[in-house]
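Using the numbering used here, the letters of the sequence shown map in sequence onto residues 250 to 1092.
Idealized CB from N, CA, C, for every residue including glycine.
Nothing here was measured: the structure is a model prediction, and the numbers come from that model.
Worksheet for the structure shown next.
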Amino acid sequence: MPLVGVRVAEHDRARVVLYGPAGIGKTALATALAERAGTALVLAPQPADADVPGAGLAELRAAAGLPCLPAGDGLKGRALAVETMRALSGLLVVDNAQWLDQVSAELIGFAIRHAPELRVVVAERANRRPVRGVAICGEEAVRGPLSPLSPDDVAELLAHNGFRYRWAGRVHALSGGNPGLALEFGAALAGRGPVAAVPLPEAVRRTIGARLGELDAAVLRTLRLAALAERPTLAVLHRAGGVDLAEVDDLVVVDELDGVSFPAGAVAATLTADIPYADRLTLHRDLAHAVDDPVQRTRHRALAVSVPDQELADDLEQAAAVVRDQGNRRLAAELSLLAAQRTPPADEDTLMRRAGDAAVDAGHSGLAERAWNAARLVLDRSTDPRQRLRVRLALADSAGQAMTDVDDQLAAALADAGDDPDLIAVVRLWEAVRANIAGDPVTARDLAREAVGLTVHDMAVRARALTVQARMERVLGLPDSSALDEALALAGAGIDVHDTPEYLAVRHAVFDDRLTVARSRLLVLLPAAQRAGAVDDVVDVLRSLAEVDGRAGRCGPALSYARRALELTASAGLSPGPAWYTAAVAETAGGTFERAVAYARRGAVASEQEQDRIYLSRCLHALGVVRLVTAASDEAVAVLSRVRELEDEQRVGDPSILRWHADLAEALIAVGDPTAEPLLVTTRERAVELGRDGVVAMLDRSAGIAAGSAAQLRSVAGRFTALGLLVEAGRTLLALASVQRRARRRGSARSVLVEAAELFDRLDARPWSALAAQRLRHLEPMDGDLTRTEARLAELVNAGATNQQAASALSVSVKTVEATLTRVYRKLGVHSRAQLVARLARR
250 MPLVGVRVAE HDRARVVLYG PAGIGKTALA TALAERAGTA LVLAPQPADA
300 DVPGAGLAEL RAAAGLPCLP AGDGLKGRAL AVETMRALSG LLVVDNAQWL
350 DQVSAELIGF AIRHAPELRV VVAERANRRP VRGVAICGEE AVRGPLSPLS
400 PDDVAELLAH NGFRYRWAGR VHALSGGNPG LALEFGAALA GRGPVAAVPL
450 PEAVRRTIGA RLGELDAAVL RTLRLAALAE RPTLAVLHRA GGVDLAEVDD
500 LVVVDELDGV SFPAGAVAAT LTADIPYADR LTLHRDLAHA VDDPVQRTRH
550 RALAVSVPDQ ELADDLEQAA AVVRDQGNRR LAAELSLLAA QRTPPADEDT
600 LMRRAGDAAV DAGHSGLAER AWNAARLVLD RSTDPRQRLR VRLALADSAG
650 QAMTDVDDQL AAALADAGDD PDLIAVVRLW EAVRANIAGD PVTARDLARE
700 AVGLTVHDMA VRARALTVQA RMERVLGLPD SSALDEALAL AGAGIDVHDT
750 PEYLAVRHAV FDDRLTVARS RLLVLLPAAQ RAGAVDDVVD VLRSLAEVDG
800 RAGRCGPALS YARRALELTA SAGLSPGPAW YTAAVAETAG GTFERAVAYA
850 RRGAVASEQE QDRIYLSRCL HALGVVRLVT AASDEAVAVL SRVRELEDEQ
900 RVGDPSILRW HADLAEALIA VGDPTAEPLL VTTRERAVEL GRDGVVAMLD
950 RSAGIAAGSA AQLRSVAGRF TALGLLVEAG RTLLALASVQ RRARRRGSAR
1000 SVLVEAAELF DRLDARPWSA LAAQRLRHLE PMDGDLTRTE ARLAELVNAG
1050 ATNQQAASAL SVSVKTVEAT LTRVYRKLGV HSRAQLVARL ARR
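Rendered as structure tokens:
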């Protein structure tokens, strides 16, 4: 499976014990180590062997071609074990060591001390101390349990096995990063749509159930309490009659505030699935008396009964309103659904309203299963078209970017709308959103305009439709129709943040390179999105902040915002393509090019799986940029040409939306393709016409590279600096250095590379700093490039002066000496004082 190679490197030692729970990857890693060793013998005892003294050693002797003599645990047994070990070479792998009989484990452990050349790997299923592994290899071979996979690792594992990327976040949360459990969930979800429920696979239930079966009844009850509680703490569990959990630290984590959580959601799912119904009610009653939070008390009161209760239903609705105002739409969805379920059936209107609230809250939170459960209450019982339309669109909302998977809901919604123009307008608006994601901005604009014309009373829908219309007009490069201004005048409550005209105005500021304005407005929108509680709103604002900061050269904050967006996307089960695109862009600015490529490739596949052509283009562009700047020009041409095809198919008319044109032209120039020139000319004409100064600068950089014009590239670098696009300014300096190097002006090239490196260092643009340093190393160092102060400092260091002594001799501060010495290192292509002394000795 993928990622094993990384683990192999971490565990490639003479003696190693691999342990952890079932499915964590012990056997896969042991197998990879055996394959790497070339010569290996694998012993894999089965459960029946555990109680047969000497069975393991006998099997090992047979595999080594030795006679299977009876072995005791005395001197004779030790002699046979030593003989066996000395007959082996390469690597001995003991898999399933938990089933190795004790006699064999002790004899093999004794014998390998007499076979120092034999490498040994033991893989043992153990939740705490690996008893058999220690008996064989000793305590020093144990390096801790195998660590779980990260969310990114789980995504790659699923993709490698043919499963959709969309499930990666939820599968990681459920599996806790356990590869075996992750694959079981992936298989269970295969073929299901994005709004399908997540099943609990029987194999997962058996695996976790086996561990739970080992527990004391009081500990098991305490774990069940924790699984049923929303935010359990040790205090709450103890007040509910729970006991200490120290012996199950492989199943739960207790944080510094005594909060209790399950690293693998499947553990909580298995615990709750196996609770008898009557016991479940009792546990919730105990929790209702134990919790401090009135909202949680109301929740547990509701879950402790199974009959309608009007007063309880009213309390639940009030609790849902409280947490909704706090931005916790996930909990609001659960409480609203409980309110609907506890509402007496005779109060049909109230029941339907509460179920609709639950569906909308769940849709906003990406809780597809809960949205479906709430929607069914309405669709199965209500004939009110507004109620039915509301929950159908909540289901569409829960699908995220996979809008092509909810065509049936939109068609049914249109039927429910009847001849009501306001309701038809809502459906047309959603169809416009779907068309945009599918890569058809013309149809999206037309549907949005139709929605605007249909709206009679619902001004929130009209404002959102005008916003979509304005967005599509910008994409198509059409003249301003004042749709955005009209939407801004209508804006009010009831619109998600990422659908507001205010947010679109921010996006336009980003496209126009008004980054300071965009950032200040985004920082206002972020808390508003968090208060609203719609996860996709928060993710969108975080992604925009990452984009703005990355382009402005605030690389550290860009990475932070991108990672927060990734975490929220994974935890909510949202479509991953947009967040992976943003991660690729942020990694390109301030992380590593390797991670940028990984995110871009992954995002492209995820977007294609969901037929999201917008983010397919974006992810491919992010990939193409990295391949271009890392000199993989042929691949860059192929990838960026695909972006060109996609953007042309979508009829994108504004080159500021996705700035691929100059990058493709630069890649074409690098491979000697003459079609770069007409691309530059036609795009530049369009960019000038629309007033897209940043795009024009990028195009002029490509033209300067083609012409070999150092003056033009220097001018473009200054224009980027004036626009606040500092990473682009540094990238232009790299291009300028390349032009000067080709012109054999090596000293000038070196000076520009130093300038670029210092800029990237200030921006914390790490991959670009590394790229500049690499190119500096490729230039032959020349002492003559040092300034007088730098040369004097180099001589002082060569004579053995410390930084303090050099500072005194030069009459400067130690900090100045350190900065100057860094420049000297860079110019001379060295990394330490010792290398500097050696370099000067070769003059």
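The Cβ atoms of V676 and A643 lie no closer than 9 Å to each other.
Residues of the same chain with a CB within less than 8 Å of the CB of S396, apart from the 5 flanking positions on each side, are G426 in chain order.
At least 9 Å separates the beta-carbon of G326 from that of P428. The C-beta distance from A569 to L584 rounds to 4 Å, short enough to meet the 8 Å contact threshold.
Pairing A984 with G953 gives a Cβ-Cβ distance under 9 Å. Under the three-state reduction of DSSP output, E373 falls in the strand class. Note that the segment 380-389 does not touch the segment 405-422; fewer than 3 beta-carbon pairs, one per stretch, sit closer than 8 Å.
The straight-line gap separating the alpha-carbon atoms of R968 and R1088 is approximately 38 Å. Counting every other CB atom within 10 Å of its CB across the protein chains shown gives Q899 a total of 16 or more, marking it as buried.
Per DSSP, the unbroken alpha helix (DSSP H) holding R876 starts and ends at R862 to V878.
A contact between stretches requires three or more CB pairs, one per stretch, nearer than 8 Å, and the segment 711-719 meets this requirement with the segment 731-740.
Comparing alpha carbon positions, the residue from A881, G840, G902 and P825 closest to C868 is P825.
Under the Cβ criterion (8 Å, minimum of three pairs), the segment 1001-1014 does not count as touching the segment 1044-1051. Our two residues, R374 and R637, have alpha carbons roughly 51 Å apart in a direct line. Around R1024, the same chain offers L1002 as residues with beta carbons nearer than 6 Å, after the five sequence neighbours per side are excluded.
Counting along the chain, the unbroken alpha helix (DSSP H) around V724 starts and ends at M708 to L725. Assignment of beta strand (DSSP E) within the segment 344-397, counting only whole runs of 3 or more residues, yields 368-374 in chain order. Per DSSP, the beta-bridge partners of V265 are V370.
Here A835 has A795, G799, A807, L808 and A811 as same chain residues with Cβ atoms under 6 Å from its own Cβ, once five neighbours each way along the sequence are excluded.
For T924, the three-state secondary structure derived from DSSP is coil.
Secondary structure remark: continuous alpha helix (DSSP H) runs of at least 4 residues inside the segment 739-812, in chain order: 750-760, 764-781 and 784-801. Excluding five sequence positions before and after L678, the CB atoms of its chain that fall closer than 7 Å to its own CB belong to A697, A700, V710, R713, A714 and V717, given in chain order. Inclusion of L290 and L337 in the CB contact set at 9 Å is warranted, their separation being smaller than that value. Shown here for L703: same chain residues with a beta carbon closer than 8 Å to its own, the five before and five after excluded, namely P670, D671, I673, A674 and R677 in chain order. Under the three-state reduction of DSSP, A553 is assigned to coil, being neither helix nor strand. Rounded to whole angstroms, the Cβ separation of A946 and L913 is 16 Å, and the two are not in contact under 8 Å. DSSP places A289 inside the beta strand (DSSP E), whose first and last residues are A289 to L292.
DSSP places L500 in the coil class of the three-state scheme, outside both helix and strand. Distances from the alpha-carbon of D558 to those of R480, P543, A595 and Q989 put A595 closest.
Counting along the chain, L628 sits inside the alpha helix (DSSP H) bounded by residues A617 to R630.
Scanning its chain for C-beta atoms nearer than 6 Å, with the 5 sequence neighbours on each side dropped, one finds around A758 the residues V766 and A767, in chain order.
In the DSSP assignment, S510 forms a beta bridge with V502. DSSP places R999 inside the alpha helix (DSSP H), whose first and last residues are R995 to L1012.
The C-beta distance from L292 to V370 rounds to 11 Å, too long to fall under 8 Å, and the pair is not in contact. Annotation: D949 to D748 spans about 35 Å, alpha carbon to alpha carbon. Spanning the alpha carbons of D785 and A620 requires a straight line of approximately 15 Å.
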